[in-house]
Amino acid sequence: MNQKSRIDEKRAEVVIVASAFGADAIRRDGHAAWAAVAARAGADGFEVRRELFADDADSQPDALAQLGARIRAHGLWAVHSTPATLFRDDGALDLDSLRLAIDEAAAMDARIVKLQLGGTERGVATDPATLDRLMSAIAASKARVVVENGQLKAGGTIGAFDALFAALPARSGLAMTFDTGNWHWAEQDPLDAAQRLAPHVAYVHCKAVMGEGARRFAAAPANGDARFATLLAQLPGDVPRGIEYPFIPGADGSLDADAARQVARIAAF
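The sequence shown finishes on residue 285 if you use the numbering used here, and the numbering steps up by one all the way, no holes.
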């Protein structure tokens, strides 16, 4: 039995985002080495970050297939995350970026493929022709396609997501990654976002935010963080929760103990 099976089957699945182990460590050792640590920590899934590949060879189909196989060998399922945006800076659909992300996720046999929303501060194109092209591309994806709220006003406002999902039919195939912390960078109210966008959320990125302005940084939610608990309560309880804040090394320099502790905490919130 995998270590994660010891935990209550009814809890939300927990994903460890590769960057929680540190960008330098992932680039140095590769994702697969840290997927093993995620498995020991009791995680259900592991989020691969395309921007942390050491070189272009890591994004080739054979390399992605090998990475996906190694993640599955640890009893985990994969998320493929790309920094690419679904919509370009002018608000138009970036069909090439979407298709590339879908193809890479397929090579890895990922369960979820995640892009940033992108677009302009006013939002993204929602005309029927654009939405038809979007849905046709998504229909070819085996992985669940999700878009995440980013840290900029372009691609990070509640209104942009609201308008896009309002324009799409209920079974469009597109869902949302709700990042609990990024709303602060974009000067949006996370609780308002949760109340308005919860029906579209298929994946949650969990983090608290410390500091102000340009000095903000991601951190673990504090014990008894009522605001964070209230926010999660507004979101679907049966969707995976990703840990996207840095783990704290133990006395021996290892991240294993904190990773296991944070998996249990995020599952229990």
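Every residue gets a Cβ at the ideal spot worked out from N, C-alpha and C, and that includes glycine.
Note that the structure is a prediction, hence the values are computed from the model and not measured.
According to the DSSP secondary-structure assignment, residue 219 is paired through a beta bridge with 193. Boundaries of the alpha helix (DSSP H) around residue 86: 77-89. Just so you know, the alpha carbons of residue 33 and residue 56 end up roughly 14 Å apart.
Boundaries cannot be given for residue 255, as no beta strand (DSSP E) includes it and DSSP labels it neither H nor E. With respect to the 8 Å criterion, residue 99 and residue 127 are not classified as neighbours on the basis of their beta carbons.
Taking the CA atoms as reference points, residue 271 sits about 18 Å from residue 68. Annotation: residue 112 to residue 266 spans about 43 Å, alpha carbon to alpha carbon.
Contact between the segment 257-265 and the segment 231-249 is present, with at least three C-beta pairs closer than 8 Å. Between the segment 192-202 and the segment 134-147 there are fewer than three C-beta pairs closer than 8 Å, too few to call the two in contact. According to DSSP, residue 65 shares a beta bridge with 97. Distance from the CA atom of residue 59 to the CA atom of residue 96, rounded to whole angstroms, is 16 Å. In the DSSP assignment, residue 175 falls within the alpha helix (DSSP H) that extends over 174-183. Measuring C-alpha to C-alpha distances from residue 224 to each of 212, 214, 246 identifies 246 as the nearest. Beyond the five residues adjoining it in sequence on each side, residue 252 comes within less than 6 Å, by CB distance, of 217 in the same chain, given in chain order. Linking residue 226 to residue 110 through their CA atoms gives a straight-line distance of about 33 Å. Ranked by Cα distance from residue 164, the options 176, 268, 116 are led by 176. Between the alpha carbons of residue 153 and residue 83 lies a gap of roughly 24 Å.
For residue 160, the uninterrupted beta strand (DSSP E) run begins and ends at 160-164, by DSSP.
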